[in-house]
Amino acid sequence: MEADIVVDAKFKSCPGPLILLAEAVSKAKPKQVVLLQATDPAAPSDIREWVSSVGHKLLDVKKVDDRYEIYVEVSG
Amino acid sequence: MPKIAIIVASEKLDKLFPAITLTTTAAISGWDAELFFTFWGLLALKRGYEPSDVSLDYQKYSGKLSEALASGSMPGWRSVLEQGLATGKVKIYACSTSLGLFGLKTDDLEKYVDSVVGAATFLGKAKNADVTLFIS
C-alpha cells in the first residue's frame, strides 16, 4: 500500500504514536494516506479507537518484523 | 462529543503523567476535557513548575522514568499537555482554596489556566462528564 505521509513513532510509548499521527493527519489533505510506524503494542487498538471517534478511515494494520504499520486515510 | 473531568490532587510526576496523558488523548479524539487542580495538584500550575520527582512510594522507579524521558520513548508531560491545549478542548481550573493555602496569586499561575474556581463551579462543569477521575 502506498502512503503519502510516513510517521515514524517507533520506540515511542503511549500517547506518543497517537499524538504524532494526529499531528500529521491535521496537516494532511483529505483522502491522503498516512502510514504510522509504531512498536507500542497498544498502537493498533488505540489508533482503531481514535479513527472511529474522529471519523478517519483505518485502511490496514500490518505487523512487519517487530513493528506495526498502520495505514489511515484522512477524511474529507 | 464525550467529556472527561479530572480532579488532579497531586503535583508529582507519577500523578501528572496519567492525568495529562488521558486529557490530551481525549482532546485529540474530539472530547472535551475539564481539569480541576486542587490541593497539592495546584502546585503543578505554578508558572515554570518543573517536577523532578515521583511520589515517595515510587522512588525506586524514578531512574526508569528519567531514562524513558531522556531517550524520548516517553514524551514529557508538559509537551503532551501543550498538544492537548492546542486543540482548544481542554479547560484548566485552579482551586481557589488551594491558592490561598499556598499563598499564591492568580498571576503566579501558568497562562493556560482558564480560571480560579471553587468546588461548586467545578462540579457544575463536571456533572455531565462521561468519564470522571480523581487522581492523587
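Protein sequences appear in the order of chains A and B. Numbering follows numbering that gives the first Met the number 0, in which position 61 of the first sequence is assigned residue number 60; successive positions increment by one, without gaps. Numbering follows numbering that gives the first Met the number 0, in which position 60 of the second sequence is assigned residue number 59; successive positions increment by one, without gaps. Think of the CB as a built atom: it goes at the ideal place given N, C-alpha and C, for glycine as much as any other residue. Note that the structure is a prediction, hence the values are computed from the model and not measured.
Taking C-beta atoms under 8 Å as the contact rule, PHE133 (chain B) and TYR92 (chain B) fail to qualify, at a distance of about 14 Å. A distance of 8 Å or more separates the beta carbons of LEU20 (chain A) and VAL5 (chain A). Contacts with chain A at 8 Å (Cβ-Cβ) include THR20 (chain B). In chain order, PRO14, LEU17 make up the part of chain A whose C-beta sits under 7 Å from the C-beta of THR24 (chain B). Closer than 8 Å to the CB of ALA21 (chain A) there is at least one CB belonging to chain B. Between LYS9 (chain A) and ALA42 (chain A), the C-beta spacing is not below 8 Å. The criterion of a C-beta distance shorter than 8 Å is satisfied by THR131 (chain B) and ALA4 (chain B). Within chain A, no residue has its beta carbon less than 9 Å from that of VAL130 (chain B); the closest one is some 13 Å off. Of all residues in the region 69-102 of chain B, only SER72, MET73, PRO74, VAL79, GLN82 come within less than 7 Å of chain A when Cβ atoms are compared, listed by chain position.
At a beta-carbon threshold of 7 Å, the residues of chain B lying near SER52 (chain A) are SER28, GLY29, ordered along the chain. THR96 (chain B) sits exposed, since fewer than 16 C-beta atoms from the chains shown fall within 10 Å of its C-beta. DSSP places LEU57 (chain A) inside the beta strand (DSSP E), whose first and last residues are 56-63. Per DSSP, the unbroken alpha helix (DSSP H) holding GLN82 (chain B) starts and ends at 76-84. With fewer than 16 neighbouring CB atoms inside 10 Å of its own CB, GLU49 (chain B) falls in the exposed class.
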